[in-house]
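Asker: One structure coming up, written as C-alpha cells, with questions to follow.
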Amino acid sequence: MHEEDVERGPLDGVRVVDLTTSLGAYTGRLLSDLGADVVRVDLDGDRLPRPGVFTEAGKARVTAGRAGLEDLLGTAQILLTSEGPAALRARDLHPEDVVRRHLGLVHVSVSPYGLTGPYADRPASDLTLLAAGGLLALAGDPDREPVRPWGEQSTVIAGAHAAVAALLALLTLEATGRGQVVDLSAQEAVAHSLENAVQCLDLEGVLRNRAGSGPLEAGTGLFRCADGWIYLVGGLGGRPLAWSAITEWLLDNGITEAEALRDERWGERSWRRSPDAATEFRSMFERFAVHRTKDELYEDGQRRGISIAPVATPADLLANPQLTERGFFREVTVDGRDLVFPGPPYRFAGSRVGPRSTPDRSGTDEGITA
Amino acid sequence: MTTGLPLEGVRVADFTWVGAGPFLTKPLADHGADVIKIESRTRTDPIRSMAPFRDGRPGVDRSGYFANRNSSKRSICLDLKHPAGRRIALDLIVRSDVVANNFTPGTMKRLGLDYETVRAIRPDIIYLEMPMQGTEGPYRDFRGYGLTIAAAGGLLGLSGYRDRPPVGTGTNYPDHVPNPLHAAVAVLAALRNRRRTGRGEYIELAQLESTVNAIGPAIVAGAAGAHPERSGNDDPVAAPHGVYPCSGDDTWCAIGVFDDAQWHALVAVLNAPPWAALGDLAQALDRRERRRELDELIAAETKAWDADDLATALTSAGVPAAPVRDADGVLNHDPQLAAREHWVWLDHPVMGPSVYDGIPYRMSRTSGRLRAPAPLLGADSHDVCTRLLGMDDKTYSELAREGVVG
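Chains E and L supply the protein sequences, listed in that same order.
Take the first sequence: its position 309, counted from the start at 1, is 308 in numbering that gives the first Met the number 0, and no numbers get skipped.
Take the second sequence: its position 230, counted from the start at 1, is 229 in numbering that gives the first Met the number 0, and no numbers get skipped.
This is the structure in C-alpha cells:
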C-alpha cells in the first residue's frame with residue numbers, strides 16, 4: 000500500500016459544507032476525521048452560535064456571502080445544517096430548495112424535531128431534546144428530578160446518526176450522481192436510544208423509570224473506594240457473575256465474613272434482588288474497597304476474572320495505561336490553539352483516521368475563497 | 000427485484016451478538032444490506048434470553064430486546080467449532096463484503112476466522128472488530144458490559160447530581176449510541192473507499208476508545224488543566240435551566256433560558272409572579288448566580304401546570320421547553336413522533352405485532368425501512384446454505400442431522 004493512500008483517508012475527495020450549530024457539529028467532525036474536506040462557513044452578518052472546539056478539529060473556516068456559499072455548494076457533495084425548517088427557509092436554505100438548486104448535493108438536515116410535524120419549529124436545547132425523546136426519564140434517582148448526562152449527549156446521538164445517514168446518501172450519490180435530502184430528527188434519534196424501554200411497555204406492560212445508577216442487585220453497582228468509586232458487576236438479571244471469584248477476593252484480603260457469600264441463597268434471584276442482600280454485600284465490599292484505589296481494584300479484580308471498572312475522571316483517562324500505551328491521545332491545533340484530543344473512535348489499518356489540525360489553506364483553493 | 004436501497008448488493012457476515020454489534024448491523028440491514036447473522040444453537044445470543052418477552056414468557060424467539068436490534072436480518076445457525084461449520088462460514092464470507100464481530104480478542108483467531116485468514120480468501124473484505132479495550136495493550140483481556148464501559152470511559156462519573164454519587168444515563172448507553180453508530184460510520188466509509196480504490200479494510204473499534212469520544216470535550220478540557228465535574232441539569236450558560244415539576248405524579252417539564260428575551264417570555268408565560276420583577280434578575284449573570292433560588296421559585300409556579308400545556312406555551316413564546324416523556328409518552332402521547340410515524344410495528348411470527356424503533360431519519364430518494372421483523376433462531380439456515388452457497392439438499396440434511404447447521 001502506498002503511503003499517500005494511507006494519508007488520504009477513506010473519504011478523500013469528498014467536500015462537506017458545514018453550517019451547523021452545536022446540534023449537528025459532530026457529524027462534520029466525524030467526516031473530517033475520515034479524510035473529507037470539511038469547510039465551516041460563517042455567513043456574512045450571521046451570528047450562529049459557534050460550537051465547542053472538540054467538534055471543530057480538521058474543519059477549514061471561511062467567511063462567505065450568499066453567492067460565495069452557493070458557489071461552494073456547487074463544489075460540495077454534502078451540506079450539513081442543524082436548524083429547524085422555518086429558520087432554514089428564512090436563510091433560503093430549506094433542503095427542498097437547496098437540492099433543487101444543486102442536483103448533485105446531499106443536504107443532511109439535522110434538526111431538533113425533523114422538517115415536518117407540529118413541533119418542527121419548536122425552540123429546543125440539549126435538555127429539552129433529551130426530555131422529548133425519552134432518555135431523560137430513564138436517568139436519575141427515583142426521589143429526585145430526572146438528570147441529564149454530561150456533555151450535550153443529544154448532539155452526539157444526533158450527530159452520529161447523521162454521519163451514518165450522510166454516508167448512506169453519499170454511496171447513492173456516487174453510484175447514481177443524484178443528491179437528496181436527509182431529514183434527521185434529533186428527538187427521534189434520542190428515542191432510538193432507550194434500550195428496551197418501549198419494548199418493555201409493549202410486550203410486558205412494564206413502564207421503566209429512573210433507577211439511580213443501576214438495577215438493585217447484590218454485588219452490582221457503584222461502590223466507594225479510597226479515591227472515588229468503582230462499578231462492579233457481580234450479577235446480571237438476578238444471576239450471579241464470577242461470584243466465587245468475588246468471594247475469594249474478599250476472603251484473601253481479610254474480610255472473613257465473606258464466607259457467608261458462599262451460602263446458596265446468594266444464587267437465588269429473589270434474595271439477590273432484595274435490599275437486605277444489597278446492603279449486606281455492600282458493607283462487606285466497601286470495608287475492603289475503602290483502603291484501595293480505583294486502579295488497584297480494577298487491575299486486581301479483572302485479573303481474577305471479575306467485571307469491574309473504575310468510575311474514571313477525565314484525568315484518570317488521560318493517564319490510563321491502556322489508552323496511553325495504545326497512543327490514543329493526539330495533539331492537534333484547532334483555530335490556533337494547541338490541544339490534546341481523544342483519538343478517533345476507530346482505527347483503520349490502511350488509512351490515517353482521526354482528529355486533525357485546522358488546515359491552512361489561505362489562497363490554495365479558489366472554491367474556498369469565493 | 001431491486002429494493003432501491005443504498006446498500007442493495009452489500010452482504011454482511013454478521014458474527015456480532017448481545018448489545019453494541021447488532022445495533023451496528025441493523026442500520027445496514029434496514030438500508031438494504033443482506034445481513035446474515037451467524038448464530039449458535041448451543042450458545043445462543045444472550046440477548047435472546049433477556050427481557051422483555053412477549054407476554055412475559057421467556058424464549059429465544061420472544062425477546063423484544065433482541066428483536067428491536069435485529070430487524071431486516073437473516074439468521075443461520077452454525078457450529079463454528081466443527082470443521083464443516085467453519086467451512087460454511089468461510090463460504091459465506093467469500094460471498095460477503097463485510098465481516099463484523101464483537102467477541103473478546105482472540106476468539107475469531109481460535110475459530111480460524113481471523114482477518115489474515117479471511118483476507119487470504121477475500122482480499123477486499125471490510126473486517127470490523129469491536130473489542131472492549133482493543134486487540135492489544137495491557138488491558139486487552141479486561142472484560143465488561145455497557146455499564147462498565149460507561150464507567151471506565153468517563154461518562155458515568157460526570158453524569159448525575161452535584162451532591163450525590165454518579166447516576167449515568169440509566170441505560171447501557173455505550174451499546175446504544177457511541178459504539179454501534181461509530182462502527183456503522185467506519186464500515187460505510189470503508190465501503191465508500193473500496194468502491195473507489197478496490198481496497199478492503201481492517202477496522203478495530205475499541206469500545207472504550209469509542210465511548211471516550213462521547214465526553215470528548217471533557218478530555219480536551221481536562222488535558223488543558225480544567226476539572227470537569229458532575230453538574231446535574233445546570234448549563235454553563237443558560238439559567239434558569241432544569242427540569243421543573245408539573246401537575247400530576249412524577250411529571251416534569253424541561254426548560255432552558257439562554258438569553259434575556261427567553262427570560263422575559265418565561266416570566267410572561269408564568270403570569271409575571273412578583274419575584275420575577277426584582278431588578279437583580281434582569282441580567283443573565285445574576286440569574287445564573289441565583290439559579291438555585293430561581294429553580295425553587297419557578298417550581299412553585301410550574302406545579303400548577305400540565306407539562307404539555309406549559310411546553311406549548313413556552314415554545315410558542317420562543318423558550319426551549321419539552322415535557323419529560325417516558326416510554327408511554329414517546330410511544331403513545333407525543334404528537335410529533337406520531338406525525339413522523341416514528342414507531343414501527345412488525346408482525347413477528349412468534350411475538351405477533353410488536354413495536355420496533357424507527358429509523359431516526361428519512362432520505363428523500365432512498366429511505367431505509369424495517370424490511371422484516373427479527374429472524375427466528377436459525378430461520379434462514381436452509382435458504383442460505385442451499386440457495387446462496389449452493390449446497391445440495393442431501394448434504395444439508397446430513398450436516399443438519401450432525402448439528403453442524405440448522
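For every residue, glycine included, the Cβ atom is placed at its ideal position computed from N, Cα and C.
All values reported here derive from a predicted model rather than from experimental measurement.
1) Does any CB atom of chain L fall closer than 8 Å to the CB of residue 199 of chain E?
2) What residues in the region 328-350 of chain E have a beta carbon less than 8 Å from any beta carbon of chain L?
3) Considering only C-alpha positions, which residue in the set L/154, L/16, L/50, L/134 is nearest to residue 229 of chain L?
4) Locate the alpha helix (DSSP H) running through residue 335 of chain L, then write down its first and last residues.
5) Could you check what DSSP says for residue 364 of chain E in three-state terms: helix, strand or coil?
6) Anything in chain L within Cβ reach of residue 325 of chain E, meaning under 9 Å, just list it in chain order.
7) Is residue 374 of chain L near residue 346 of chain L, with beta carbons less than 8 Å apart?
8) Name the DSSP bridge partner or partners of residue 181 of chain L?
9) Report back the beta-carbon spacing between residue 170 of chain E and residue 239 of chain L to the nearest angstrom; my notes put them in contact at under 8 Å.
10) Can you check whether the C-beta of residue 245 of chain E is within less than 8 Å of a C-beta belonging to chain C?
11) Along chain E, in chain order, which residues have C-beta atoms closer than 7 Å to that of residue 30 of chain L?
12) In whole angstroms, give me the CA-to-CA distance for residue 392 of chain L and residue 376 of chain L.
13) With a threshold of 8 Å, are at least 3 pairs of Cβ atoms found where one atom belongs to the region 60-69 of chain E and the other to the region 80-87 of chain E?
14) Let me check understanding here. Comparing Cα to Cα, which of E/186, E/98, E/34 lies closest to residue 109 of chain E?
15) Please tell me whether residue 153 of chain E and residue 175 of chain L are closer than 8 Å, where the distance is taken between their beta carbons.
16) Shorter than 8 Å from the beta carbon of residue 194 of chain L to some beta carbon of chain E?
17) Say whether chain L places a C-beta atom closer than 8 Å to the C-beta of residue 18 of chain E.
18) Helix, strand or coil for residue 224 of chain E? Go by DSSP, reduced to three states.
19) Looking only at its chain, what residues have a beta carbon closer than 7 Å to the beta carbon of residue 6 of chain E, apart from the 5 residues adjacent to it on each side?
20) Indicate whether the contact test is met: 3 or more Cβ pairs, each with one atom in the region 13-20 of chain L and one in the region 32-42 of chain L, closer than 8 Å.
21) Are the C-beta atoms of residue 214 of chain L and some chain E residue less than 8 Å apart?
22) Got a sec: which bits of the region 71-105 of chain E sit with their beta carbon under 7 Å from any beta carbon on chain L, in order along the chain?
23) For the beta strand (DSSP E) containing residue 263 of chain L, name the first residue and the last one.
24) To the nearest angstrom, how far is the alpha carbon of residue 216 of chain L from that of residue 297 of chain L?
25) CA-CA distance, residue 381 of chain L and residue 348 of chain L?
26) Can you confirm whether the region 130-138 of chain L touches the region 328-336 of chain E when touching is taken to mean that 3 or more C-beta pairs between the two stretches lie within less than 8 Å?
27) Can you give the Cα-Cα distance for residue 368 of chain E and residue 66 of chain E, rounded to whole angstroms?
28) Within the continuous alpha helix (DSSP H) that includes residue 340 of chain E, where are the two ends?
29) Along chain L, which residues have their Cβ under 8 Å away from the Cβ of residue 140 of chain E?
30) For residue 105 of chain E, which residues does DSSP report across the bridge?
31) In chain order, what residues of the same chain have a beta carbon less than 6 Å from the beta carbon of residue 341 of chain L, not counting five sequence neighbours either side?
32) Taking beta-carbon pairs under 9 Å, can you tell me which members of the region 166-191 of chain E lie near chain L?
33) Is it buried or exposed for residue 365 of chain E, if we count other Cβ within 10 angstroms and need 16 for buried?
34) If the cut-off is 8 Å on Cβ atoms, which residues from the region 312-330 of chain L count as contacting chain E, listed in chain order?
35) With a threshold of 7 Å (Cβ to nearest heavy atom), would residue 195 of chain L be considered close to the ligand COA?
36) Can you tell me whether DSSP reads residue 168 of chain L as helix, strand or coil?
Answerer: Once the coordinates are examined:
1) yes
2) 328, 338, 339, 340, 341, 342, 343, 344, 345, 346, 347, 348, 349, 350
3) Of the listed residues, the one whose Cα sits closest to residue 229 of chain L is L/154.
4) For residue 335 of chain L, the enclosing alpha helix (DSSP H) begins and ends at 334-338.
5) Legend: pLDDT at residue 364 of chain E = 47, less than 50; position of this residue unreliable, value from coordinates given subsequently. In the three-state reduction of the DSSP assignment, residue 364 of chain E falls in the coil class.
6) 132, 133, 135, 136, 205, 208
7) In this structure, residue 346 of chain L does not lie closer than 8 Å to residue 374 of chain L by Cβ.
8) Paired residue(s): none; residue 181 of chain L is not in a bridge.
9) The C-beta distance from residue 170 of chain E to residue 239 of chain L rounds to 45 Å, too long to fall under 8 Å, and the pair is not in contact.
10) Looking at the structure shown, chain C is missing, and the protein chains on hand are E and L.
11) 167
12) The alpha-carbon atoms of residue 392 of chain L and residue 376 of chain L are separated by roughly 20 Å.
13) The region 60-69 of chain E and the region 80-87 of chain E do not touch, with fewer than 3 CB-CB distances between them shorter than 8 Å.
14) Ranking E/186, E/98, E/34 by Cα distance to residue 109 of chain E puts E/186 first.
15) At least 8 Å separates the beta-carbon of residue 153 of chain E from that of residue 175 of chain L.
16) yes
17) no
18) strand
19) 351
20) yes
21) yes
22) none
23) First-last for residue 263 of chain L: 259-268, but that is the alpha helix (DSSP H), not the beta strand (DSSP E).
24) 31 Å
25) C-alpha separation (whole angstroms): 18 Å.
26) Contact between the region 328-336 of chain E and the region 130-138 of chain L is absent: fewer than 3 CB-CB pairs across the two stretches fall below 8 Å.
27) With a pLDDT of 44 at residue 368 of chain E, under the threshold of 50, the modelled position of that residue is not reliable, and no figure is offered here.
28) Counting along the chain, no alpha helix (DSSP H) covers residue 340 of chain E; the unbroken beta strand (DSSP E) around it starts and ends at 336-340.
29) 160, 163, 166
30) E/77, E/179
31) 357
32) 166, 167, 168, 169, 170, 171, 173, 174, 175, 177, 178, 179, 180, 181, 182, 183, 184, 185, 186, 187, 188, 189, 190, 191
33) Confidence at residue 365 of chain E is low in this model, with a pLDDT of 44, below 50, so the placement of that residue should be treated as unreliable; the coordinate-derived value is given next. Classification of residue 365 of chain E: exposed, given that the 10 Å Cβ count is below 16.
34) 314, 317, 318, 319, 320, 321, 322, 323, 324, 325, 326, 327, 328, 329, 330
35) Ligands are entirely absent from the displayed structure, and the ligand COA is therefore not among its contents.
36) Coil at residue 168 of chain L, not helix or strand.
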